[in-house]
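**Q** Here this note's numbering is used: the first residue of the sequence shown is 728, the next is one more, and so on. Heads up, the beta-carbon is just placed ideally off N, CA and C, and yes, glycines get one too. Quick caveat: nothing in here was measured; it's all calculated off a predicted structure.
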Amino acid sequence: MRRWLPLGALVLTQIGYPLTRGHDRATLVTVTVVLGFATALAHAVATRGARAGAVLVVVTAVLGLAVETLGVTTGFPFGGYGYSTALGPRLHGVPAVIPLAWTWLAWPAWLAAGTVTRQSIRRAALAGLGLAGWDLFLDPQMVAEGYWHWHDPDPHLPGVPTVPLTNYLGWLGVAVLMMALLAVLGGGPVARLDRHRDAPMLALYLWTYLSSVLALGVFLGLPAAAGWGALGMGLVALPAARALGAVTGRTERTAPEAKA
Numbered sequence: 728m729r730r731w732l733p734l735g736a737l738v739l740t741q742i743g744y745p746l747t748r749g750h751d752r753a754t755l756v757t758v759t760v761v762l763g764f765a766t767a768l769a770h771a772v773a774t775r776g777a778r779a780g781a782v783l784v785v786v787t788a789v790l791g792l793a794v795e796t797l798g799v800t801t802g803f804p805f806g807g808y809g810y811s812t813a814l815g816p817r818l819h820g821v822p823a824v825i826p827l828a829w830t831w832l833a834w835p836a837w838l839a840a841g842t843v844t845r846q847s848i849r850r851a852a853l854a855g856l857g858l859a860g861w862d863l864f865l866d867p868q869m870v871a872e873g874y875w876h877w878h879d880p881d882p883h884l885p886g887v888p889t890v891p892l893t894n895y896l897g898w899l900g901v902a903v904l905m906m907a908l909l910a911v912l913g914g915g916p917v918a919r920l921d922r923h924r925d926a927p928m929l930a931l932y933l934w935t936y937l938s939s940v941l942a943l944g945v946f947l948g949l950p951a952a953a954g955w956g957a958l959g960m961g962l963v964a965l966p967a968a969r970a971l972g973a974v975t976g977r978t979e980r981t982a983p984e985a986k987a
């Protein structure tokens, strides 16, 4: 039961997002990101060891900071953008919490992809897609709050005029790179999947998907972003949910036979 507590705390903070405004909402975003980072890292260390946790931080948070710094300085690979001061202290123009957000969902995305395929190259590509799909929800939501903005958001997805297509392509490239590095540097401990131990992270990934569709589509007034996110992130979330459902069904059918 204790292994589910961090996820429960994270879910509660996310539920509070539509209920807050202004400075309180920005503070809640920061708390949520830090909690999400801690939840993912703690799980990686507890289930794969300290080395796996260190690899996860380097590949996602450290590389994430480097890429974000490059992005705000040169416009590559996401397009020209800049952060406001709403999310707290900044490093090289990047809020300190932003690199932690890469870790927060990179780890659940990696594990979710592992339920669909075990082949390392396909898994890295699928996990990268699963992480990049999250940004179809994230960027429109955060731009709407004024946490960052794009200098020239054209061309853009229909119904989402505030975020350029270059951002999503940049996210996909960086996300796949991160997952490939995680596969190579993490080795066997990171590659292995244990559906029992990894259940909280798999639940986190699916919760993020479903709650984002609901929040953007119903509470935050961003129906187009909700639709694009449902489509993009769903390319990984839905197959992962089907794979987990199939395993659960087989387990339930086997249990009575074992008793017999």
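So what does H923 bridge to, in DSSP terms?
**A** Translated into the one-based positions of the sequence shown, residue 923 becomes position 196. Answer by DSSP bridge pairing: none, since H923 is not bridged.
**Q** How long is the line joining the alpha carbons of P835 and H878, rounded to whole angstroms?
**A** As a working note, residue 835 is residue 108 in the sequence shown. As a working note, residue 878 is residue 151 in the sequence shown. Their backbone Cα atoms lie some 31 Å apart in a straight line.
**Q** With burial defined as no fewer than 16 other Cβ atoms inside 10 Å of the residue's Cβ, what is the status of S939: buried or exposed?
**A** Locating residue 939 in the sequence shown gives position 212, where the first residue counts as 1. Buried.
**Q** Can you tell which of W731, P745, L739 has the C-alpha that lies nearest to the C-alpha of G948?
**A** Walking along the sequence shown from the start, residue 948 turns up at place 221. Checking every option, the nearest Cα to that of G948 belongs to P745.
**Q** Is the region 884 to 904 close to the region 838 to 848, with three or more CB pairs under 8 Å?
**A** With a cut-off of 8 Å, the region 838 to 848 and the region 884 to 904 do not count as touching, because too few Cβ pairs lie within range.
**Q** Can the beta-carbon of S811 be found closer than 8 Å to that of W731?
**A** Walking along the sequence shown from the start, residue 811 turns up at place 84. Walking along the sequence shown from the start, residue 731 turns up at place 4. No, they are not a contact pair.
**Q** For P880, which residues from the same chain have a beta carbon less than 7 Å from its beta carbon, with the 5 sequence-adjacent residues on both sides left out?
**A** Within the sequence shown, numbered from 1, the residue matching residue 880 stands at position 153. So the list reads P888, T889, V890, P891, once near-sequence residues are dropped.
**Q** How many Å lie between A854 and T759 at the Cα?
**A** The count along the sequence shown starts at 1 and reaches residue 854 at position 127. The count along the sequence shown starts at 1 and reaches residue 759 at position 32. Each residue's Cα considered, the two are about 22 Å apart.
**Q** Given a cut-off of 8 Å on the beta-carbon distance, is the pair V826 and G791 in contact?
**A** Stepping through the sequence shown from its first residue, residue 826 is reached at position 99. Stepping through the sequence shown from its first residue, residue 791 is reached at position 64. Per the sequence shown, the amino acid found at residue 826 is Pro instead of Val. Yes, these two residues count as a Cβ contact at 8 Å.
**Q** Taking Y808 as part of the beta strand (DSSP E), name the residues at either end of that continuous run.
**A** As a position in the sequence shown, residue 808 is number 81, starting the count at 1. Its beta strand (DSSP E) spans residues 808 to 810.
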